[in-house]
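Chains as they are written, first to last, in the working numbering: chain A, 48 to 315; chain B, 44 to 375.
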Ligand SMILES: Cc1cc2nc3c(=O)[nH]c(=O)nc-3n(C[C@H](O)[C@H](O)[C@H](O)COP(=O)(O)OP(=O)(O)OC[C@H]3O[C@@H](n4cnc5c(N)ncnc54)[C@H](O)[C@@H]3O)c2cc1C
Ligand SMILES: Cc1cc2nc3c(=O)[nH]c(=O)nc-3n(C[C@H](O)[C@H](O)[C@H](O)COP(=O)(O)OP(=O)(O)OC[C@H]3O[C@@H](n4cnc5c(N)ncnc54)[C@H](O)[C@@H]3O)c2cc1C
């Protein structure tokens with residue numbers, strides 16, 4: 048059983064540096080040019096799961112796909128070095144400003160017209176936009192079933208999988224799904240591998256395709272900012288207005304003070 | 044698209060119980076429906092869910108679209124997506140809200156993509172605001188791990204769809220005398236529906252008192268260094284009747300349960316009192332309790348950023364101050 052596997056990955060601003068993200072005092076837009084970029088952590092797990100499926104079913108082919116601005120091609124190079132067979136880079140100025148629906152539409156245009164994968168694997172959520180909406184929307188636009196929050200997948204036969212979908216407090220759903228389908232994975236699904244020197248060398252010889260809106264024959268009204276039904280109307284630095292009364296001294300006195308404050312504020 | 048000014052809520056039931064986050068979302072829908080002079084309707088899908096429909100009416104739903112069938116007992120991704128999308132197309136609500144829990148976040152994006160409308164993710168608030176002279180729905184979303192607030196609105200497509208975070212709105216008071224209309228909708232499985240089927244659902248109870256919904260939360264950080272410290276924090280929590288949360292390092296060290304991690308990767312809480320102990324106050328953490336009414340921070344480092352986000356700061360060693368606090372508060 049040979050499968051066509053597509054893994055969606057996204058480059059994000061490194062969350063370690065989120066405190067350095069500022070707002071342009073004039074335009075109010077988010078400035079993150081000085082923030083280093085990384086591959087979204089859960090997308091490493093998505094790729095790992097794809098690689099495991101590929102290794103299990105001989106003859107399978109794994110394609111890594113991202114939509115993003117020119118620097119985002121780095122994450123595809125990384126995916127190739129880790130073992131993906133080919134990379135597809137959806138990059139065009141016209142894709143900029145996409146909300147999740149426009150992002151999903153663009154990914155779906157590639158998948159539906161050229162990729163036709165048996166299984167699509169995504170991360171459950173990114174750490175920057177962090178909506179978790181792209182995966183279910185991509186599946187929906189392709190008219191295939193999806194399962195999010197997946198911590199285990201098992202192939203029953205070549206056309207059926209059973210996925211474990213984690214829910215709150217350690218509960219779960221066991222979901223049986225007909226392929227083609229999409230799964231979005233959580234961290235506990237696997238331990239990711241490290242890139243090897245050999246992998247880095249091999250990456251140079253693999254297919255890397257860049258596609259823009261024209262090649263995809265995408266509807267201009269459905270991509271990028273124009274195709275986004277949600278509109279950002281403002282961005283603010285988080286302001287927390289607190290009394291900030293800071294005390295030190297003997298712990299007995301401090302404890303009494305806390306007690307007084309709490310009764311004053313009618314909390315106890 | 045002209046709409047009928049209904050604000051819809053997907054009322055999620057698991058094993059015949061309405062989810063708290065759905066009732067909170069209903070609370071938000073009631074607020075919004077007043078602002079737009081509309082009506083609140085709930086969409087309820089399950090097996091034998093008639094009693095739950097009555098319960099939704101008691102919480103303030105003026106209409107309940109009830110879809111009951113044995114096959115719909117547990118969440119079924121394709122079937123639920125189709126049912127809700129078809130109802131939206133038929134009745135054209137102005138807004139549709141979902142609780143932002145795992146199943147809500149699985150379902151809402153699929154519905155939004157099928158009806159081709161905008162969806163905002165895990166909103167901390169939803170309000171009508173005037174933009175360019177027009178009254179519009181605006182979602183407040185914490186971005187970049189809580190350091191930023193992004194406000195998002197919708198274009199002309201309807202319904203405006205959103206998922207609302209747990210704790211972002213209050214559950215209304217039930218009132219048995221309320222009257223509402225229950226509209227039963229037939230269900231017939233299609234081949235499409237059956238491409239994905241939930242075979243089994245296992246629900247688990249929280250391992251500790253959940254921080255969400257608790258009136259008082261005591262939260263510990265990396266300043267906790269031993270089992271004895273953990274006991275101390277628990278003792279303080281017991282004296283106050285509080286739930287125990289913690290920072291990521293505290294969670295990693297298993298001093299607090301995974302479910303009670305506070306912050307951008309965990310829970311957002313809005314208790315009347317939040318006591319942070321031995322946590323430095325990183326933005327990823329502090330965004331989790333910015334809705335608390337009163338915040339007390341305890342840290343031995345006077346420079347700790349936690350002192351910038353508290354009402355009362357106590358600069359002290361937790362091993363000394365916590366026992367003193369337990370003594371002082373025991374007698375209240
Ligand atoms: C603070 C903030 C809030 C936002 N809120 C909203 C909102 O409420 N509604 C809305 O519609 N948009 C919103 N956006 C825009 C949204 O983040 C972008 O559309 C983004 O391109 C995709 O969403 P995400 O990062 O949330 O992805 P998620 O849905 O969290 O991503 C899940 C998975 O989908 C795949 N994936 C996502 N993006 C790509 C890509 N470009 N290429 C390949 N695979 C991908 C990856 O496998 C990823 O792990 C917001 C953006 C920000 C910064
Ligand atoms: C993408 C991303 C998401 C994240 N999400 C979260 C999240 O959801 N929640 C979260 O908490 N973190 C999160 N983090 C991590 C976060 O950035 C901080 O690293 C973390 O909150 C620090 O935890 P802490 O305050 O317990 O530890 P530290 O920063 O090490 O602080 C410990 C504090 O304890 C004090 N202390 C030590 N001993 C004592 C004593 N005896 N008495 C009194 N005080 C003492 C110290 O002075 C210090 O201020 C995230 C990080 C990233 C990059």
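Ideal Cβ placement from N, Cα and C applies to all residues, glycine included. What you are looking at is a predicted structure, and each value in this text was computed from that prediction instead of being measured.
query: Rounded separation between residue 382 of chain B and residue 166 of chain A - CA only; result: Past the boundaries of the shown model lies residue 382 of chain B; chain B is included only from 44 to 375, so the question cannot be answered.
query: Residue 242 of chain B classed as buried or exposed, judged by whether at least 16 other C-beta atoms fall within 10 angstroms; result: exposed
query: Proximity test, Cβ basis, 9 Å: residue 290 of chain A and chain B; result: yes
query: Where the region 82-98 of chain A meets chain B: residues whose CB sits under 7 Å from a CB there; result: none
query: C-alpha distance - residue 204 of chain A paired with residue 152 of chain B, whole-angstrom precision; result: 29 Å
query: Secondary structure of residue 208 of chain A, DSSP reduced to three states; result: strand
query: Touch test, the region 97-109 of chain A against the region 126-140 of chain A, Cβ-Cβ under 8 Å, three pairs minimum; result: yes
query: Cutoff 8 Å; reference residue 276 of chain A; Cβ partners in own chain excluding five residues on either side; result: 146, 148
query: Alpha carbon of residue 285 of chain A to alpha carbon of residue 193 of chain B, nearest angstrom; result: 10 Å
query: Contacts around residue 306 of chain B, its chain only, beta-carbon distance under 6 Å, and the 5 residues preceding and following it disregarded; result: 327, 328, 331
query: Proximity below 9 Å, CB of residue 343 of chain B to CB of residue 360 of chain B; result: yes
query: Contact between the region 142-156 of chain B and the region 59-74 of chain B (3+ Cβ pairs under 8 Å); result: yes
query: C-beta neighbour in chain B for residue 219 of chain A, strict 9 Å; result: yes
query: Rounded distance between the beta-carbons of residue 293 of chain B and residue 265 of chain B, thought under 8 Å; result: 7 Å
query: Extent of the continuous alpha helix (DSSP H) to which residue 62 of chain A belongs; result: Per DSSP, residue 62 of chain A belongs to no alpha helix (DSSP H) and is neither H nor E.
query: Any non-hydrogen atom of ligand 2 closer than 8 Å to residue 307 of chain B Cβ; result: yes
query: According to DSSP, residues forming a beta bridge with residue 193 of chain A; result: A/229
query: Residue 208 of chain B beta carbon near ligand 2 (any heavy atom closer than 8 Å); result: no
query: Residue 333 of chain B - DSSP class collapsed to helix/strand/coil; result: coil
query: Residue 44 of chain B to residue 153 of chain A span [Cα, whole Å]; result: Legend: pLDDT at residue 44 of chain B = 42, less than 50; position of this residue unreliable, no value from coordinates given.
query: Contacting positions in the region 118-151 of chain A - beta carbon closer than 9 Å to chain B; result: 146, 147, 148, 151
query: Limits of the unbroken beta strand (DSSP E) element including residue 278 of chain A; result: 277-284
query: Distance, residue 90 of chain B Cα to residue 69 of chain B Cα; result: 21 Å
query: Chain B within 9 Å of residue 191 of chain A, Cβ atoms only; result: yes
query: Selection from A/293, A/221, A/229 that minimises the alpha carbon distance to residue 184 of chain A; result: A/229
query: Residue 275 of chain A CB to nearest heavy atom of ligand 1 below 8 Å; result: yes
query: For residue 261 of chain B, the nearest candidate out of B/233, B/248, B/290, B/237 (CA to CA); result: B/290
query: Contact set between residue 370 of chain B and chain A, taken where Cβ atoms lie within less than 9 Å; result: 299, 302
query: Complete alpha helix (DSSP H) runs within the region 99-149 of chain B (minimum length 4 residues, chain order); result: 120-134
query: Chain D contacts made by the region 226-254 of chain B, where a contact means CB separation under 9 Å; result: As a matter of chain content, chain D is missing from the structure shown, whose protein chains are A and B.
query: Sequence ranges, beta strand (DSSP E) only - wholly within the region 149-209 of chain B, length at least 3; result: 162-166, 168-174, 177-186, 191-197, 203-207
query: Collapsed DSSP secondary structure at residue 202 of chain A in the structure displayed; result: strand
query: Contacting residues, own chain, Cβ-Cβ under 7 Å from residue 277 of chain B (five flanking each side not counted); result: 287
query: Any non-hydrogen atom of ligand 1 within 8 Å of residue 154 of chain A CB; result: yes
query: Helix, strand or coil at residue 216 of chain A [DSSP, three-state]; result: helix
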